[in-house]
Amino acid sequence: MKKIYYLKTCDTCRRILKEIDTTGFILQEIKTEPITANQLEEIVALTKSYEVLFSRRAKKYKQMDLKNQTLTEKDYRQLILDEYTFLKRPVIINDGEVYVGNTQKRVDIFIK
């Protein structure tokens with residue numbers, strides 16, 4: 458499977474999508490087409506963790522005071538399903554390999 462989960466209002470996601478060849482990839486904009494529980498499970502099968510997929514940079518993270526809470530994998534899963542902003546993005550799945558996040562190192566690994 459070749460799929461990219463992204464947010465079209467995210468400047469970084471837009472920049473990354475311009476840098477890479479998305480031919481053959483299914484693009485899913487997570488605000489208009491939220492990630493499903495099944496899709497999340499498919500990604501977690503590759504990452505082995507919900508926490509890896511969880512964005513602590515989301516504004517709601519601070520608003521909900523999650524920094525001062527002890528979150529479990531179950532909590533991360535539910536938060537990601539409840540609110541699209543908690544999914545670290547982009548998530549790029551390329552034939553069994555997954556790339557999560559937008560650090561330059563991560564993008565460079567995928568591009569190569």
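Residue numbering for the sequence shown follows the working numbering, starting at 458 and increasing by one per position.
Yeah, the Cβ is synthetic: ideal placement off N, Cα and C, and Gly gets one too.
Mapping the DSSP letters down to three states, classify residue i as helix, strand or coil.
i, result
"residue 485", "strand"
"residue 490", "coil"
"residue 477", "coil"
"residue 528", "coil"
Residue range of the alpha helix (DSSP H) that residue i falls in?
i, result
"residue 518", "516-520"
"residue 556", "Per DSSP, residue 556 belongs to no alpha helix (DSSP H); it is in the beta strand (DSSP E), 554-557."
Quick one: Cα of residue i to Cα of residue j, how far?
i, j, result
"residue 523", "residue 513", "9 Å"
"residue 462", "residue 486", "6 Å"
"residue 539", "residue 478", "30 Å"
"residue 556", "residue 518", "22 Å"
"residue 465", "residue 475", "12 Å"
"residue 499", "residue 458", "10 Å"
"residue 554", "residue 493", "19 Å"
"residue 516", "residue 542", "8 Å"
Would you kindly report the start and end of the unbroken beta strand (DSSP E) that includes residue i?
i, result
"residue 460", "459-463"
"residue 509", "It is not in any beta strand (DSSP E) - residue 509 carries neither H nor E in the DSSP assignment."
Would you call the stretch 496-508 and the stretch 530-545 touching, i.e. three or more CB-CB distances under 8 Å? Output reads yes: the stretch 530-545 touches the stretch 496-508.
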